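One structure is given below, encoded as structure tokens.
Set out below in structure tokens:
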């Protein structure tokens, strides 16, 4: 049963209860040998965004004779908890680490220590500014493509003319910074008559993002469309639009797949999702190759997808939203 838990084979509920099990020791005293365990540490757990990564790593690990220890902070802004989880995993003698940092800078030193201890690391979802090479690789979303997808969706909705607000610009994550840069560059290049009328920096909670969006919507010169660059800013903007009764008047293009039901109803125009399922599989493949002494690709890029009412039930989107990590 213990190894079933490590590989994600127990038929537990998909979300919520997962985090309460994460402190369990994976290897009982007295076993003849410890199984090779990979620590997988996303930004948080119990969300569509990162549970799909869970599915990816659990599906890939058995083929390489590896087991998964999955743990994450309860909040996506709890950097210190993520660092402590990483430290605890290293003390448990894991043979590899797959991590999606909450912030770039605070994770650099702990991960450098992990690499110096001879434990290969794959960083998912952002670039830490550390040079990839032996024992360090990256699996990232194509943020340039994601920003361009959002810009072209805005251009189509506004027919090339109007104003847009950009919410959730996170300067603590290189990935989201690139997302914002690409969005504005594509708007300037392809839709010069669409102007950015409002920008806001990312805040850690949905309620704070909602307050920013409400203040923006309260002024007379409201934007013609909104792009929200993260899950908290997407939720915050959506709730603000509900409160103001403008979900059908001001189109919202969001990022990250933790709020998709309103896409079906048309209350959110579209969401650009990360294929964290494939990111998890690729990260596990890279760790396995490093442990086997094989040459590994140091930087893998995975393409995002634009989800609309027309594409939400497509096979590609269904794969990305596969949360059945306990089924092999």
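Numbering (the numbering used here), first residue to last: 133 to 460.
For each residue, glycine too, the CB sits at the ideal point set by N, CA and C.
Nothing here was measured: the structure is a model prediction, and the numbers come from that model.
- Distance from residue 299 to residue 338 at the Cβ level is roughly 12 angstroms; contact not present, criterion being Cβ atoms closer than 8 angstroms.
- In the DSSP assignment, residue 373 falls within the alpha helix (DSSP H) that extends over 363 to 376.
- Straight-line measurement puts the Cα of residue 194 at about 36 angstroms from the Cα of residue 336.
- Within the model, the alpha-carbon separation for residue 226 versus residue 170 is close to 6 angstroms.
- When DSSP assignments are scanned along the region 235 to 317, the uninterrupted stretches of beta strand (DSSP E) that are 3 or more residues long and fall wholly within it turn out to be 253 to 256, 268 to 273 and 294 to 301.
- Between residue 356 and residue 290, the beta carbon gap of about 6 angstroms places them in contact (Cβ cut-off 8 angstroms).
- Within the same chain, and ignoring the five residues on either side of residue 362 in sequence, the residues whose Cβ sits closer than 7 angstroms to its Cβ are 300, 302, 308, 334, 387 and 388.
- Straight-line measurement puts the Cα of residue 317 at about 22 angstroms from the Cα of residue 382.
- Short of 8 angstroms from the beta carbon of residue 244, and not among the five residues preceding or following it, lie these beta carbons of its own chain, in chain order: 262.
- Counting the other Cβ atoms within 10 Å of the Cβ of residue 431 gives fewer than 16, which makes it exposed.
- Residue range 408 to 423 is occupied by the alpha helix (DSSP H) that includes residue 419.
- Measuring C-alpha to C-alpha distances from residue 424 to each of 219, 228, 215 and 201 identifies 228 as the nearest.
- Proximity to residue 295 across 304, 283 and 397 peaks at 283, based on C-alpha coordinates.
- When the five nearest sequence neighbours on each side are left out, the beta carbons in the same chain lying within less than 7 angstroms of the beta carbon of residue 293 are those of 325 and 326, in order along the chain.
- Between residue 276 and residue 310, the C-beta spacing is below 8 angstroms.
- The DSSP-derived three-state label of residue 347 is helix.
- When the Cα atoms are used, residue 420 and residue 429 turn out to be separated by approximately 12 angstroms.
- In this structure, the CA atom of residue 392 is about 10 angstroms from the CA atom of residue 398.
- Assigned with DSSP and collapsed to three states, residue 178 falls in coil, not helix or strand.
- If you draw a straight line from the Cα of residue 287 to the Cα of residue 221, it comes to about 46 angstroms.
- DSSP lists 171 and 253 as the beta-bridge partner residues of residue 229.
- Distance from the Cα of residue 346 is smallest, within the candidate group 167, 374 and 320, for 374.
- With a cutoff of 8 angstroms on beta-carbon distance, residue 200 and residue 415 are scored as not near each other.
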